[in-house]
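Working notes for the structure below.
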Amino acid sequence: MKRLYTMTAIIGDEEYTFAATDYGLAYFDLVTNDEDISKFFKGYQVITDNKKVASYVQPLKDYFAQTGTSFPFAIDLIGTDFQKQVWEELLKVPYGTTTTYSALAENIGRPTAVRAVANAVGRNPLLIVVPCHRVLGKNGALTGFRGGLPLKRRLLTIEGHTYS
1 MKRLYTMTAI IGDEEYTFAA TDYGLAYFDL VTNDEDISKF FKGYQVITDN
51 KKVASYVQPL KDYFAQTGTS FPFAIDLIGT DFQKQVWEEL LKVPYGTTTT
101 YSALAENIGR PTAVRAVANA VGRNPLLIVV PCHRVLGKNG ALTGFRGGLP
151 LKRRLLTIEG HTYS
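Numbering of the sequence shown is given in UniProt numbering, commencing with residue 1 and proceeding in unit increments.
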């Protein structure tokens, strides 16, 4: 059986869940947003193991402290082929920039699949690491974010954008 190693860590004032496979970080989200990880990762044995996951914490702390702009660790994208295609495209959106759902759909060669792209963005299991917070509505407006719009504003502000 495949294994998913988990731990929680405090970053700033918030508690986050980290989950990793033997190949890399597979899940990162606020504890308050947690879905049942065993349902999200069907067929995985979920094991709490701080030692297996601890190396992923500091780069995220550095990001929030504005002393790091990238994540120098392996990730393991677990989802459908379409979701992984969208998430891989999100990984190409540079720090400090934004994109739109329409642009993502165009970039993966599926210009009419904007809603499907938006759904895949919403199912991103690696909040911040796969930068779904960098996706805006077509008119540049802040749109939904699993971490909530206040966190999305904060992440974009960390990266040099300002939103009221």
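Quick reminder that beta carbons are idealized off the backbone N, C-alpha and C, glycines included.
**Message:** Alpha carbons only, please: which of 37, 67 and 124 is nearest the one belonging to residue 48?
**Reply:** Nearest option by C-alpha distance: 37.
**Request:** Give the DSSP bridge partners of residue 29, in chain order.
**Result:** Beta-bridge annotation (DSSP): residue 29 is paired with 17.
**Message:** Can you tell me whether residue 93 is buried or exposed? The criterion is at least 16 other CB atoms within 10 Å of its CB, across all chains shown.
**Reply:** Residue 93 should be labelled buried.
**Asked** How would you call residue 63, buried or exposed, if buried means at least 16 neighbouring beta carbons within 10 angstroms?
**Response** Residue 63 comes out buried.
**Request:** Pick out whichever of 61, 54 and 40 has its Cα sitting closest to the Cα of residue 13.
**Result:** For the residues 61, 54 and 40, the minimum Cα distance to residue 13 belongs to 61.
**Prompt:** Hey, out of 124, 65 and 100, whose CA is closest to residue 81's CA?
**Reply:** Among 124, 65 and 100, the Cα nearest to that of residue 81 belongs to 124.
**Prompt:** Can you list the alpha helix (DSSP H) stretches of 4 or more residues lying completely in the segment 111–141, in chain order?
**Reply:** Complete alpha helix (DSSP H) runs here, min 4: 114–122.
**Item:** Beta-ladder partner(s) of residue 44, from DSSP
**Value:** According to DSSP, residue 44 bridges with 2.
**Message:** Taking 9 Å as the threshold (C-beta atoms), are residue 130 and residue 155 in contact?
**Reply:** For residue 155 and residue 130, no; Cβs fall outside 9 Å.
**Item:** Alpha-carbon spacing of residue 26 relative to residue 50, whole angstroms
**Value:** Approximately 15 Å between the Cα atoms of the pair.
**Asked** Excluding the five sequence neighbours on either side, which residues of its own chain have a C-beta within less than 8 Å of the C-beta of residue 73, listed in chain order?
**Response** Hits under 8 Å: 24, 25, 55, 56 and 59.
**Whole-angstrom C-beta distance between residue 100 and residue 136, which should lie under 8 Å** = Separation of the CB atoms of residue 136 and residue 100 is rounded to 6 Å, and the pair is thereby assigned contact status at 8 Å.
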